[in-house]
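Protein chains: 2
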Amino acid sequence: MISTITTLPEIQAGIEAVEKLMLTQADEYNGDLKSALSLLLSSGGKRIRPRIILLLGSILNANQETLIILASAIELLHTATLVHDDLIDGAVLRRGVATLNSKWSAAATVLTGDFIFASAANLAAKTNSVEVMKVFSTTLMTIVNGEVNQLFNSRCNTSKADYYQRIYAKTASLFEAATHTTSILSPVSALDRDRMRRYGYELGMAFQIVDDVLDYSGEQSVVGKPVGGDLRQGLVTLPMLYFIDSNPNNDGVKELLQGKCLDNDETIDNLIHSIVASSAIEQSINEAEQFAKRALDLISDLPASPHKDELVYLTETSIVRKK
Amino acid sequence: MISTITTLPEIQAGIEAVEKLMLTQADEYNGDLKSALSLLLSSGGKRIRPRIILLLGSILNANQETLIILASAIELLHTATLVHDDLIDGAVLRRGVATLNSKWSAAATVLTGDFIFASAANLAAKTNSVEVMKVFSTTLMTIVNGEVNQLFNSRCNTSKADYYQRIYAKTASLFEAATHTTSILSPVSALDRDRMRRYGYELGMAFQIVDDVLDYSGEQSVVGKPVGGDLRQGLVTLPMLYFIDSNPNNDGVKELLQGKCLDNDETIDNLIHSIVASSAIEQSINEAEQFAKRALDLISDLPASPHKDELVYLTETSIVRKK
Chain A
7 MISTITTLPE
17 IQAGIEAVEK
27 LMLTQADEYN
37 GDLKSALSLL
47 LSSGGKRIRP
57 RIILLLGSIL
67 NANQETLIIL
77 ASAIELLHTA
87 TLVHDDLIDG
97 AVLRRGVATL
107 NSKWSAAATV
117 LTGDFIFASA
127 ANLAAKTNSV
137 EVMKVFSTTL
147 MTIVNGEVNQ
157 LFNSRCNTSK
167 ADYYQRIYAK
177 TASLFEAATH
187 TTSILSPVSA
197 LDRDRMRRYG
207 YELGMAFQIV
217 DDVLDYSGEQ
227 SVVGKPVGGD
237 LRQGLVTLPM
247 LYFIDSNPNN
257 DGVKELLQGK
267 CLDNDETIDN
277 LIHSIVASSA
287 IEQSINEAEQ
297 FAKRALDLIS
307 DLPASPHKDE
317 LVYLTETSIV
327 RKK
Chain B
7 MISTITTLPE
17 IQAGIEAVEK
27 LMLTQADEYN
37 GDLKSALSLL
47 LSSGGKRIRP
57 RIILLLGSIL
67 NANQETLIIL
77 ASAIELLHTA
87 TLVHDDLIDG
97 AVLRRGVATL
107 NSKWSAAATV
117 LTGDFIFASA
127 ANLAAKTNSV
137 EVMKVFSTTL
147 MTIVNGEVNQ
157 LFNSRCNTSK
167 ADYYQRIYAK
177 TASLFEAATH
187 TTSILSPVSA
197 LDRDRMRRYG
207 YELGMAFQIV
217 DDVLDYSGEQ
227 SVVGKPVGGD
237 LRQGLVTLPM
247 LYFIDSNPNN
257 DGVKELLQGK
267 CLDNDETIDN
277 LIHSIVASSA
287 IEQSINEAEQ
297 FAKRALDLIS
307 DLPASPHKDE
317 LVYLTETSIV
327 RKK
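Taken in sequence, the protein lines are chains A and B.
In terms of this note's numbering, the first sequence opens at residue 7 and continues consecutively.
In terms of this note's numbering, the second sequence opens at residue 7 and continues consecutively.
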């Protein structure tokens, strides 16, 4: 059962402090960089990682000011990767807002991403923890490596191992980094740090699987992008993988299993239609629920508090969202 | 008078360790990333920053292993900025070797640069110094901000202030970071740290001015790029600034002073020819010598040793090189 809960005023104030801190990173630099950062941050986003950091850190008694710095560092790292991602994909919209690359030159977009990476690293250093910096930089290596894999190796790849590696690199690694660094900055045991790291991992995996399901089953007007976009780009995700298991003789599936990329629009449309109507969607949701359940188990021992209730709520709702 | 000196075997061994450490950063990642890194590092370069770090750190009694990590971090940061720079400029060759962007897609080039940034940050974190991380990330912000300025504001800009800011961001900031972080990792006083930071600054400014002079007076076959390339790209550097002072009525100068970019090849060719034949070259070299002299003064109190001799030699020769 999912509890109904509203955000704690203290956490909301924390999120506002994070927004402000992120925005001021370009204050002493080129005015165009400042505008770009402002534009990127104004397009919003769920700020789910900052919320997790502020909630978990409060539960674990970390210093509030340090948590705000950490949350800003992690969210800016995420923002920087999106800037370069959208450039690489030639994406025109993100969350319904024009991407930077759709308005600026490639050169300016590359540099803005670089500047945001540097700002994120600078904030991470301001947590005054070498361990945090190590997790931070290793995570960036993992994320970028995943993107390189996706560019060179993952297209039309029907390997389950490739899929799990990909969603780890793309999403779970940063959730894991968020909860791991939060615990590093908290007065808790190494054992608890590892549990909190794993909590972020499980939650991040659940989160990305739900994203991948929504790519098939979401309402286009809510998700903000066309249904089946991943498959159209040659990206095989969990619903497709379950569909392959149950429908090895489907025409599109046969092509994919032969190592081909689908290039016929009708084949792709039919395949997307079949997947949406199949049990593959429910199987994928079940799997996301298993990840979320493991995530919940890992935080079950945390002391009862309104913060814990909200963290549990956020973990539960991460798999029942519509976008 | 410039001493003649050969590299100390210990420093040469250190440079080889730096090369090896840089190269292994992609070992556990995508094979194409590893190839790209290997290609980038094989094109060589003077490795002047690593040499300065190893020499200065030895004089200041820093831990050798930490110095090798730091030198690798700083050189990889430099390498990453070059990767994105060459992409932005559409450069085909660097040091006579094909650039990554000339062989790979823009997407792969962006990601390779990002990966090298992340590796550099990861190595910087491995120095286990939060102060080093702060200098490192702030320097990256300065460098990228300088590139954004150059993209948006510096074209055909005849302001001396703009020039000095530009060469600080482009070159001196990383020299300064190299000597500053070396001193941070050494058992020396805050006063000495500041002196060493300033040593890097002065040396870096001298170094870039010499680069800018070579762009006019260097032999194309030695420098590896056409004479006057900066001006052809709308970049006003010190020789041009001195020439403007003495020749306000030159046709090209008049256009520039009116805020125009030169677009007539003949005007540009004539201007380059006039600058090369003028005293502007010598005036610029004199200015580089003043920076180098201040740099030498800042290290004059360091105890006599073969390492100091080599550091002095390297500082002196930074302004008499041919490429």
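Glycine included, C-beta positions come from ideal geometry on N, C-alpha and C.
Quantities reported herein were computed from a predicted structural model and do not represent experimental measurements.
In the region 279-305 of chain A, which residues sit with their C-beta less than 8 Å from some C-beta in chain B, listed in chain order?
none
Would you please verify whether the beta carbon of B:Phe-121 is less than 8 Å from any beta carbon of chain A?
yes
Answer with yes or no whether the minimum CB distance from A:Val-98 to chain B is below 8 Å.
no
Out of B:Ile-80, B:Val-89, B:Lys-109 and B:Ser-160, point me to the one whose CA is closest to B:Thr-145's CA.
B:Ile-80
Name the chain B residues that come within less than 9 Å of A:Leu-45, Cβ to Cβ?
Going along chain B, no residue has its Cβ under 9 Å from A:Leu-45, so there is no contact; the nearest lies around 15 Å.
Can you give the Cα-Cα distance for A:Leu-82 and A:Leu-46, rounded to whole angstroms?
10 Å
What span of residues does the alpha helix (DSSP H) with B:Tyr-170 cover, start to end?
166-173
Are the Cβ atoms of B:Leu-277 and B:Gly-265 separated by less than 8 Å?
no
DSSP on A:Ala-19, reduced to helix/strand/coil?
helix
Cα-Cα separation between A:His-186 and A:Gly-206, rounded to whole angstroms:
7 Å
Rounded to whole angstroms, what is the Cα-Cα separation between B:Ala-283 and B:Ile-325?
20 Å
Is there a Cβ of chain B sitting closer than 8 Å to that of A:Asp-236, yes or no?
no
Check whether chain A comes within 8 Å of B:Glu-182, counting only Cβ atoms and requiring the distance to be less than that.
no
At least 3 beta-carbon pairs within less than 8 Å: the region 147-158 of chain B vs the region 118-127 of chain B:
no
By how many angstroms is the C-alpha of A:Ser-290 removed from the C-alpha of A:Val-216?
Rounded to the nearest angstrom, the two C-alpha atoms are 8 Å apart.
Between B:Leu-29 and the rest of its own chain, which residues show a CB-CB distance below 7 Å, the 5 nearest in sequence each way excluded?
The answer, listed in chain order, is Leu-43, Ser-44 and Leu-47.
Beta-carbon of A:Met-28 versus every beta-carbon of chain B: anything under 8 Å?
no
Can you tell me which of A:Gly-20, A:Ala-114 and A:Gly-96 puts its alpha carbon nearest to the alpha carbon of B:His-90?
Ranking the options by Cα distance to B:His-90, first place goes to A:Ala-114.
Could you check the C-alpha separation between A:Ser-334 and A:Pro-312 for me, to the nearest Å?
Because chain A spans 7 through 329 in this model, residue 334 of chain A falls outside it and cannot be assessed.
Counting along the chain, where does the alpha helix (DSSP H) carrying A:Leu-66 start and finish?
Unbroken run through A:Leu-66: none, as it is neither H nor E.
Of the residues A:Leu-73, A:Leu-320 and A:Gln-171, the one placed nearest A:Leu-191, counting alpha carbons only
A:Leu-73
Suppose you measure from the CA of A:Ser-285 to the CA of B:Thr-85; what does that come to, to the nearest Å?
49 Å
For A:Ser-78, count the other beta carbons within 10 Å of its own beta carbon; 16 or more makes it buried, fewer makes it exposed. Which is it?
buried
Where B:Val-116 falls: helix, strand or coil (DSSP):
helix
Looking at the C-beta of B:Val-194, does it have a partner C-beta in chain A at a distance below 8 Å?
no
If we count the other Cβ atoms within 10 Å of its Cβ and call it buried at 16 or more, is B:Gln-239 buried or exposed?
exposed
Please tell me whether A:Met-7 has its Cβ less than 8 Å away from any Cβ of chain B.
Its pLDDT being 44, under 50, A:Met-7 is placed unreliably in this model, and the coordinates cannot settle the point.
According to DSSP, A:Arg-100 sits in a beta bridge with which residue or residues?
A:Val-103
Rank B:Ile-58, B:Leu-106, B:Ala-32 and B:Ile-59 by C-alpha distance to the C-alpha of B:Ser-49 and give the top, closest one.
Of the candidates B:Ile-58, B:Leu-106, B:Ala-32 and B:Ile-59, the one whose C-alpha sits nearest the C-alpha of B:Ser-49 is B:Leu-106.
So, are the CB atoms of A:Leu-62 and A:Thr-164 less than 8 Å apart?
no
Counting only beta-carbon separations shorter than 8 Å, does A:Leu-39 have a partner in chain B?
yes
Please tell me whether B:Thr-187 has its Cβ less than 8 Å away from any Cβ of chain A.
no
What does a CB cutoff of less than 7 Å around A:Arg-57 pick up in its chain, not counting 5 residues either side in sequence?
Ile-17, Ile-21 and Leu-320
So if I threshold CB-CB distances at 7 Å, which residues from the region 102-118 of chain A count as touching chain B?
Ala-112, Ala-113, Ala-114, Val-116 and Leu-117
Quick one: residues in its chain with C-beta nearer than 8 Å to the C-beta of A:Glu-295, no 5 flanking neighbours on either side, listed in chain order?
Ala-212 and Ile-325
Between which residues of its own chain and A:Leu-260 is the CB-CB distance below 8 Å, once the five residues before and five after are set aside?
Residue identity check: residue 260 of chain A is Lys in the sequence provided, not Leu. So the qualifying residues of the chain are Pro-254.
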